[in-house]
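Q: My structure is below; once you've seen it, I'll send some questions.
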Amino acid sequence: MNRLPAELREATCAFLDHHRETHPSTTEEYAAFREAMLQDMQQGLAVGSTAPRTLIEGQRLRIRTACLADEPFMRGVELDPDNRPWVGHWPLPWRIARFGDRNMLQCIIEKRDGTPIGILIFSDMSITHEKLQLKRIALIKKGHGYGKETLCLAQRWAFEIIGTPQLYLGTKEHNLRAQCIYKAVGFTPGMPDPCTYFYMNKPHGKGGTLMLTTRRSIRRFTGEAVSPEMLANLVNTAAYAPSWKNSQTTRYIAVTDKALIARIAEECTMGFEHNRGIIANSPVLMVLTTVNGRSGYERDGSFTTAKGTHWQSFDAGIAAQTFCLAAHEKGLGTVMLGIFDEAKVAALVHVPEGQSVSVLIPLGYPAEAPNAPKRKGAEELLTIL
Ligand SMILES: Cc1cc2nc3c(=O)[nH]c(=O)nc-3n(C[C@H](O)[C@H](O)[C@H](O)COP(=O)(O)O)c2cc1C
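So the number in this note's numbering is just where the residue sits in the sequence shown, counting from 1, plus 3.
See the structure below:
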């Protein structure tokens, strides 16, 4: 049931009907689209009524979230004759609906005394682990360096607070002034069009968050071999993984022998063709094993906690991920495989007595660059009490 105020509902319907031709669809589809828009607006009205919050403050300016009361100001900025050639204008229904859109964040740029001087809209808010778009920036006061200061604040917010690995923005081809400013504050002209697309990666190379969010499971490898030195390097890094009472029970058996890899692929994948193919084409198969009976145990052999043997796999998991991140940092690809016949693998690679195979990790130089499978967001994963 839509509870939009009647006046707003009517105005919205009139607006949508007026632009009917931009939605080429059947009458039923159009009716559904119109109803969805009204629902979005209802959601937007609720979100837009919440009090603004400051995202970040600089020397002269602050960026805060916008609310419905800012709508006249935002419209004024977008329709300002100086901005009109470069900036789009969101009609009222669209603006309201976008307040409820979790992918967008509408903001106000204001002086520290609270005087609003511009608008800033972020997009791709639901995939900030990959990137964040600065969708719109428009100021009414130009020539004071406010644009640069705003962009620097936006970068700090994006990288230091949100932790996104990449901030990007688009601009109109002829907006040379904006292009100059973007370059001056560190954006790089990028593909597909160096005039209209600019991006900036989180500083510090592939460190920190970028390392975590850009690691992908790699299932196809080039034929290039991985040197023994590189393998030792990766294991030395993985050894820094935390472990139960620093027991360090994870061990690494690197299978590089092609015939042995082929046998493991054929005989140990329990008929799971997908994993058979991955292993068969990997230059290295890393077999992670764990020394039994230590992680989670007391010296007398009893369990320390009610979780029993659980901590052994827990430690192996941390070690495995640390290993995969170390490989990623060196430009190598990995994938953890959980479906395999443990007893057969153990026999083929001669796992020492008293150890269990925890996971198989094919390793090599990537021959693919897959996109990240969709991730849940903090709103679903995080509870703050
Ligand atoms: C414990 C575990 C077992 C997995 N087993 C398999 C597997 O048997 N085969 C496979 O192709 N991928 C396997 N994966 C990889 C996941 O499918 C992958 O991590 C997930 O889809 C997310 O993709 P990403 O690693 O690229 O972010 C496994 C991952 C984990 C952590």
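Ideal placement from N, C-alpha and C gives every residue a C-beta, glycine not left out.
Less than 7 Å between the CB of P376 and some heavy atom of ligand 1, yes or no?
A: yes
Q: When you compare the CB positions of S298 and S250, do they come within less than 8 Å of one another, or not?
A: yes
Q: Give me the Cα-Cα distance between A181 and T174, rounded to the nearest whole angstrom.
A: Going by the C-alpha atoms only, they are around 7 Å apart.
Q: Between I184 and L123, is the Cβ-Cβ spacing less than 8 Å?
A: no
Q: Find out if the Cβ-Cβ distance for the pair I99, L48 is shorter than 8 Å.
A: yes
Q: Drop a sphere of 10 angstroms on the beta-carbon of Q62, count the other beta-carbons inside from all chains shown, and report buried for 16 or more, exposed for fewer.
A: exposed
Q: Would you call the segment 275-282 in contact with the segment 328-341, where contact means no fewer than 3 C-beta pairs closer than 8 Å?
A: yes
Q: To which residues does DSSP link N204 through a beta bridge?
A: Q169
Q: Cβ of R65 versus every heavy atom of ligand 1: is any distance shorter than 7 Å?
A: R65 has its Cβ no nearer than 7 Å to any heavy atom of ligand 1.
Q: For ligand 3, I want to know if S220 counts as a neighbour, meaning its beta carbon is within less than 7 Å of at least one of the ligand's heavy atoms.
A: This structure lacks ligand 3; the ligands present are ligand 1.
Q: At the level of alpha carbons, what is the spacing between E270 and L237?
A: E270 and L237: Cα-Cα distance of roughly 28 Å.
Q: Identify, in the order they occur along the chain, each residue of the same chain with its Cβ nearer than 6 Å to the Cβ of I264, setting aside the five sequence neighbours on each side.
A: V258, L288
Q: In the structure shown, what three-state DSSP assignment does Y185 receive?
A: Reduced to three states, the DSSP call for Y185 is helix.
Q: What separation, rounded to the nearest whole angstrom, lies between the Cα atoms of N178 and F201?
A: 13 Å
Q: Measure the CB-CB distance between K134 and Q109 and report whether it falls below 8 Å.
A: no
Q: In three-state DSSP terms, what is L335?
A: Coil, per DSSP.
Q: DSSP on Q324, reduced to helix/strand/coil?
A: Looking at Q324 - three-state DSSP - the assignment turns out to be helix.
Q: Only counting the same chain, and skipping five residues up and downstream in sequence, which positions put a Cβ closer than 8 Å to that of G79?
A: I143
Q: At what residues does the alpha helix (DSSP H) containing E382 begin and finish?
A: 381-384
Q: Is the beta carbon of T167 sitting closer than 8 Å to the one on G121?
A: no
Q: May I ask you to check if the CB of N278 is nearer than 7 Å to at least one heavy atom of ligand 1?
A: N278: yes, Cβ under 7 Å from ligand 1.
Q: I'd like to know whether the C-beta atoms of P245 and I321 end up nearer to each other than 8 Å.
A: yes
Q: Taking the alpha carbon of H147 as the point to measure from, which residue in L64, N204, T57, E10 has its own alpha carbon closest?
A: Nearest option by C-alpha distance: L64.
Q: Just verifying my parser: in three-state terms, what is the DSSP assignment at F190?
A: coil
Q: Assuming contact is defined by CB atoms lying nearer than 8 Å, are I364 and A323 in contact in what I supplied?
A: By the CB criterion at 8 Å, I364 and A323 fall inside the cutoff.
Q: How is D388 classed by DSSP in three states: helix, strand or coil?
A: Reading off the sequence shown, one finds Leu at residue 388, where the question assumed Asp. When DSSP states are grouped into helix, strand and coil, L388 belongs to the coil group.
Q: How would you call M40, buried or exposed, if buried means at least 16 neighbouring beta carbons within 10 angstroms?
A: buried
Q: Within 10 angstroms of its Cβ, does L388 collect 16 or more other Cβ (buried), or is it exposed?
A: exposed
Q: Of all the options T252, L95, L328, which has the alpha carbon lying nearest to the alpha carbon of E74?
A: If we check each option's Cα against that of E74, L95 comes out closest.
Q: In terms of alpha-carbon separation, which member of W247, T225, Q158 lies closest to N204?
A: Q158
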